[in-house]
Each structure stands twice: as structure tokens, then as C-alpha cells.
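Residue numbers (my numbering): 37 to 439.
We treat Cβ as the ideally placed atom computed from N, Cα and C, and that holds for glycine.
Step one of this worksheet: look at the structure below.
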């Protein structure tokens, strides 16, 4: 399941609350398109409508003014979205309720969220998809079938330049893309996603940073990229999932997060979905017997510097009333003393040494957990909170610099 792709689908395929004349009924849609419309309804909890649906001699479909709307309630903002034109080509029935949309295009997509304290509008002039697999959720679906039906699985999804406007300010994004390669029946496979050049103008930065610190550091304009990869495997009623995601501030730094987990019960997803559909908060206590079987094989947080460390250190030193060299020399010993409460001398020394190496030559700093064998959630719950050093050793936690 790829959240970025799912969000893209909702944004590109939903629409406005305007009353459209002569709204068509879903019964006009071919089975593949109907499954697609049902998928939108499952994800947004709103039935989509459209002004017209036309099918050519080859079975290709064009929908005009595909739209959804959702009124705000209980403090939640209202949503209106619209796709001026959506086309679907090379439709095929893959059997067992699985359909493929060979290619699709979406023109002039708009989305608006409006509430008492917030309002923003997003516009996407052009978007497309290739090798899009959608499923028809039958009666009494299994947890695996329910999860698959709620997932967006496509060989390729792309959106061109988009704009997000709020409070008189605009943020632009050069593009969004995802890829997937795997088994369309289960959704298992390899994923990638990328959001390119999220550009934040100087006027918006001034509103967020009224003290002007970013400008003092030389960052008058900000531009970010987000990239991720993931792999999902299905084993019976469980799934394994590993992902990494990175946020890059151009000419600033990159922060990366990675996690690998296994034996995740699909029944947990099904129960969470039922609670969401019923407007209830998740009851993790009731789900804990299933959650305890989940195992973690690794996790990491990594910081890759491009310029910010060398710019921040002099500023911090001045605030402390010392020069940069004195500040750097004091960080290691202070950190080692602070880490003594973790009751793991080797880890404290390793961390202090890594931080010293990083500050002397800022390239990267990584905190990683790599246990010798996967650790179950139930094992984590039995760790002694009064002996944190034992937990560090069991989880294989390490800190490294410039690797």
C-alpha cells in the first residue's frame, strides 16, 4: 500500500460540490471504470458524480466533470474537488474482480479544503496513470481483499506542475511521480515515489519565520524534494513492509527515515478501517494481541548536511558567548555526560565520538537500530525501563558519522 499514490488518486480523481446538470448514474460506466469509481468512494467516503460519460467504439471512456464533495462537520473542514475531464483507455478484465486501466489522463484537477480556521486550494493542470489495477470489492471480503481494494496500485502515476494556495500565499510543486512493480492481485511489490521542487517563496517564509533567522542563515527561498522507496510482501494473512523516505532541503540538508517490519496482520488494517468507517477512534488495547506479533528488523534516522551546520554553529556559539572551536570542543564531553543515564558506556562513547567527527567535518550523522534477530513488539513491551542500556544492546542501536 503506497500512501503517496493513494493521496494522488484522491486529489486527481475527486471534485467539486457545485450542482451539475443532468448528473449521470454509475450504471453507465463499464465494469473497470465502475470499480474505479467505487474505489474513490471507499477512500473518500463520498459517492462521486459526473456530468457525462462517453464510450467510443474501442471501449475507451471519457468522463466530464468527475466530482465529489463533502461538507464539514464536527470541526472538520469541508472538501470540494473536481476533474474537468478524465479519460480511460485499454480497459481489461483480469478476472476474480480485478480490472486494469491501461492508461488514464486527468485534466484541470482542483481541490479545496475549507473550514472555520483554514482554507486552501490545490490545482493540478495535467496528470496521468499507466497500468492501473483496481479491484471490485465483493461481499464479505477478507482482510487481505479489503486492504487491496483500498490501495492504489499502478505501474506509473505522474502529475505535472501544481499549485497550493492559502491565505494569499502560493506554494508550487514541479511534479509528482510514483512507480510500482509487483503482483496486481495482492498489491505486493516494490514502490517508489517522488515530489519534486516544493518551492516556498520568500514572502511565505517571512510569515513563518518572523524573527528572520532563516534569512540570517542565507535561506531567503526554500525548495524541498521528497523521495521514498518501499517493498511489501504478502505471507498468508500477514505482510512484511520496508520503506525509506527522505526530505531534502536544497542546499541545506537531507533527513532520511527507514523502517523494516514483518508479520503485520492484515486483520489489524481491516479493524482500523472499520473503526474509521464508523467514526470511532482506534482501540489499540483491543488490537494489542495481534500487534504484539509484529516484528521489527531495523530502523534508522540519517542527517546529510549540505550547508546548514557550518552556518548554524557560529550563531549558536555567539548565543553561548563563545567561539566556534570552543563550542565544538565542549559538545562531546557534555553529550557523554548526558548519556550516562542510559547505563551503556560503550554507546555513550560511540555517540560522543561520532558527534565530534561530524562537527569537525559535517557530512552525515546516522542513528540506526539493527538487532541481531528481529524483535517482536511483545519483546519491546517487556524491556526493563530501569535498564535502558540493555535495550540499546538488544536493539543493536549505534551512532556513526560521515559514512
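Cα atoms of residue 338 and residue 403: separation of roughly 6 Å, rounded to the nearest angstrom.
Taking the C-beta atoms as reference points, residue 384 is found nearer than 7 Å to residue 375. Under the three-state reduction of DSSP output, residue 199 falls in the strand class. For residue 437, the enclosing beta strand (DSSP E) stretches over residues 433-437.
In this structure, 400 is the residue among 432, 418, 400 with its C-alpha nearest to the C-alpha of residue 438. In this structure, DSSP gives residue 78 a helical state, which the three-state scheme calls helix. Only residues of its own chain outside the window of five on either side were considered, and among them 78 have a CB closer than 6 Å to the CB of residue 186, listed in chain order. Non-local C-beta neighbours of residue 284 in its own chain, meaning closer than 6 Å and more than five positions away in sequence, comprise 261, 290, ordered along the chain.
DSSP lists 331 as the beta-bridge partner residues of residue 412. Taking a contact to require three or more Cβ pairs closer than 8 Å, the stretch 156-173 and the stretch 185-199 qualify as touching. Counting only runs that start and end inside the stretch 367-421, the alpha helix (DSSP H) elements of at least 4 residues fall at 381-396, 413-417. For residue 345, the closest alpha carbon among the candidates 303, 294, 68, 250 is that of 250. Here residue 64 carries a helix assignment [DSSP, helix/strand/coil].
Rounded to whole angstroms, the gap between the alpha carbons of residue 149 and residue 212 is 20 Å.
When C-alpha distances from residue 85 are compared across 92, 91, 106, the shortest belongs to 106.
Residue 148: member of the beta strand (DSSP E) spanning 134-150, first to last residue. The three-state reading of DSSP puts residue 321 in helix, counting H, G and I together. Annotated three-state conformation of residue 222 is coil, per DSSP.
Under the criterion of beta carbons closer than 8 Å, residue 432 and residue 406 qualify as touching, at roughly 4 Å. The alpha carbon of residue 299 has as its nearest neighbour, out of 412, 88, 140, 136, the alpha carbon of 412.
DSSP lists 99 as the beta-bridge partner residues of residue 89.
113 is the residue among 318, 113, 362 whose C-alpha sits nearest the C-alpha of residue 147. In this structure residue 199 touches residue 206 by the C-beta definition: roughly 6 Å separates them, less than 8 Å. Boundaries of the alpha helix (DSSP H) harbouring residue 355: 344-355, taken from the DSSP string. For residue 128, the enclosing beta strand (DSSP E) stretches over residues 114-131.
Per DSSP, reduced to three states, the secondary structure at residue 110 is coil, with no helix or strand assignment.
Of the residues 115, 70, 104, the one whose Cα lies closest to the Cα of residue 98 is 70.
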